[in-house]
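**Student:**
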Amino acid sequence: MAEYKPPALPAPFNSTNPAPELLTQGAEGHLYKTFSLDPSIPAALKVRPSKPYRHPILDRRLTRQRIIQEARCLAKLVREGVSVPAVLALDWEGQGGDEAGWGGAWLMMEWIDGPVVRVVLEQWEAWMKKNASSLDAAQLEQENARVKALLRRIGKALGGLHKAGVVHGDLTTSNLMLRLPAEDTEAKASPTGVSTQGEVVLIDFGLASQSVQDEDRAVDLYVLERAIGSTHPRSEPFMEELVHGYRESHRGAISTLKRLEDNPVPLSPPSPMTMTECFLPYG
Ligand SMILES: Nc1ncnc2c1ncn2[C@@H]1O[C@H](COP(=O)(O)OP(=O)(O)OP(=O)(O)O)[C@@H](O)[C@H]1O
Ligand SMILES: [Mg+2]
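Using numbering that gives the first Met the number 0, the final residue of the sequence shown is 282, and nothing's skipped along the way.
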């Protein structure tokens with residue numbers, strides 16, 4: 000199979016040394032690891048290339064709207080003290096790329112040094128599946144307790160986001176990261192070799208919207224619960240911990256959880272935010 004060749008990068012990333020390293024290619028954007036100002040300062044670069052099959056004016060407008068929305072969201076959340084990557088730079092009219100004069104839009108963010116929660120839970124579950132029978136009751140309890148504590152922290156982080164008036168719109172364990180602490184003692188102490196330590200950081204706000212509606216908040220919780228249920232079956236029984244963390248996070252949580260309980264399935268996702276809706280009061 001031919002090796003995937005991503006679209007040419009917009010300036011200045013088409014000439015930086017070292018060149019940005021492609022990490023993931025999502026539905027809309029490409030995520031690179033690069034640096035900010037100095038090669039010793041790592042940064043995450045999200046590039047939304049233009050889509051040649053879309054009408055050029057519509058394409059620019061949509062691409063610009065999504066990247067500005069994500070940047071505004073992150074900037075607002077940083078101000079509110081929610082754990083998300085800080086915005087370092089942004090260009091919605093990126094020059095260069097494959098098309099003369101239009102290289103797509105890009106957003107440069109603080110680099111989060113740590114794994115995504117999906118990988119942490121997958122590694123932990125894989126180890127447990129193979130080796131849990133070799134653990135004694137106390138060890139087993141300790142292992143489960145670590146994952147329970149992580150789920151509780153995730154619930155708390157999500158509650159913090161909702162408290163700030165934002166719903167995420169695309170919550171999966173791939174959109175949650177753990178910021179590694181300076182000294183990670185857990186991986187060595189656990190027979191699994193997997194650490195659950197670190198601050199939970201929410202990422203990927205391309206589909207976020209501003210809402211304080213219980214219904215919209217309940218959708219976030221519901222989608223995340225479903226994502227955990229389908230990708231991390233061994234962690235699913237501990238979901239109550241996530242709910243617990245969420246409940247403790249802010250006063251409005253009780254009515255959101257009631258909404259989720261009353262109406263567990265047919266929740267309609269919130270419509271994506273338009274540029275004018277999106278945090279205009281915050282600049
Ligand atoms: N600030 C960051 N620091 C380190 N790694 C990051 C950062 N942001 C994203 N990543 C990594 O890149 C992956 C993809 O990022 P993200 O989820 O934002 O993009 P996406 O899912 O492709 O986006 P979209 O759905 O908007 O197209 C993440 O799962 C994570 O592994
Ligand atoms: Mg993502």
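All residues carry an ideal CB built from backbone N, CA and C; glycine is no exception.
Taking the alpha-carbon positions, what's the Leu-36 to Asn-16 distance?
**Tutor:** Within the sequence shown, numbered from 1, the residue matching residue 36 stands at position 37. Within the sequence shown, numbered from 1, the residue matching residue 16 stands at position 17. Between Leu-36 and Asn-16, the C-alpha separation is close to 11 Å.
**Student:** Between which two residues does the beta strand (DSSP E) carrying Thr-62 extend?
**Tutor:** Here residue 62 corresponds to residue number 63 of the sequence shown, with the count starting at 1. Not the beta strand (DSSP E): Thr-62 falls in the alpha helix (DSSP H), residues 55–78.
**Student:** Do Gly-154 and Leu-256 have their beta-carbon atoms positioned less than 7 Å apart in this structure?
**Tutor:** The residue you call residue 256 lines up with position 257 of the sequence shown. The residue you call residue 154 lines up with position 155 of the sequence shown. The answer is no: Cβ separation not under 7 Å.
**Student:** Starting from the C-beta of Glu-79, find all residues in its chain whose C-beta is less than 6 Å away, skip the five residues before and the five after it, and write them out in chain order.
**Tutor:** By 1-based counting over the sequence shown, the position of residue 79 is 80. Cβ within range, chain order: Ala-163.
**Student:** To the nearest angstrom, how far is the alpha carbon of Lys-32 from that of Trp-110?
**Tutor:** Residue 32 sits at position 33 when you count from the first residue of the sequence shown. Residue 110 sits at position 111 when you count from the first residue of the sequence shown. Going by the C-alpha atoms only, they are around 8 Å apart.
**Student:** Give the single residue among Leu-30, Arg-250, Leu-170, Pro-38 whose Cα lies nearest to the Cα of Leu-44.
**Tutor:** Stepping through the sequence shown from its first residue, residue 44 is reached at position 45. If we check each option's Cα against that of Leu-44, Leu-30 comes out closest.
**Student:** Given a threshold of 16 other Cβ atoms within 10 Å of its Cβ, counted over all protein chains shown, does Arg-71 qualify as buried or as exposed?
**Tutor:** Against the sequence shown, residue 71 aligns to sequence position 72. Counting Cβ neighbours within 10 Å, Arg-71 comes out buried, since at least 16 surround it.
**Student:** In this structure, does DSSP put Lys-4 in helix, strand or coil?
**Tutor:** The count along the sequence shown starts at 1 and reaches residue 4 at position 5. Three-state DSSP puts Lys-4 in coil, outside helix and strand.
**Student:** What does the Cβ neighbour count give for Gln-24, buried or exposed, with the cut at 16 atoms within 10 Å?
**Tutor:** As a working mapping, residue 24 is identified with position 25 in the sequence shown. The residue is exposed, with fewer than 16 neighbouring Cβ atoms inside 10 Å.
**Student:** Tell me whether Asn-174 counts as near ligand 2, meaning its Cβ is closer than 6 Å to at least one heavy atom of that ligand.
**Tutor:** Within the sequence shown, residue 174 is the residue found at index 175, counting from 1. Yes, ligand 2 has a heavy atom inside 6 Å of this Cβ.
**Student:** Enumerate in chain order the residues of its own chain whose CB-to-CB distance from Arg-117 is below 6 Å, with the five nearest sequence positions on each side excluded.
**Tutor:** Stepping through the sequence shown from its first residue, residue 117 is reached at position 118. Cβ neighbours of Arg-117 beyond the five flanking positions: Thr-172, Ser-173.
**Student:** Please report the distance separating the alpha-carbon of Pro-6 from that of Asn-130.
**Tutor:** The sequence position of residue 6 within the sequence shown is 7, counting from 1. The sequence position of residue 130 within the sequence shown is 131, counting from 1. Approximately 43 Å, taken between the alpha carbons.
**Student:** Could you give the DSSP three-state label for Ile-227: helix, strand or coil?
**Tutor:** In the sequence shown, residue 227 corresponds to position 228, counting from 1. Three-state result, Ile-227: helix.
**Student:** Along the chain, where does the alpha helix (DSSP H) that runs through Ser-35 open and close?
**Tutor:** As a working note, residue 35 is residue 36 in the sequence shown. Counting along the chain, Ser-35 falls outside any alpha helix (DSSP H), though it belongs to the beta strand (DSSP E) covering 29–35.
**Student:** How about Val-83 and Leu-76: are their beta carbons less than 7 Å apart?
**Tutor:** Along the sequence shown, one-based indexing puts residue 83 at 84. Along the sequence shown, one-based indexing puts residue 76 at 77. Yes; because the gap between Cβ atoms is below 7 Å, this pair is in contact.
**Student:** For ligand 2, I want to know if Asp-203 counts as a neighbour, meaning its beta carbon is within less than 6 Å of at least one of the ligand's heavy atoms.
**Tutor:** Translated into the one-based positions of the sequence shown, residue 203 becomes position 204. Correct: Asp-203 has its Cβ closer than 6 Å to ligand 2.
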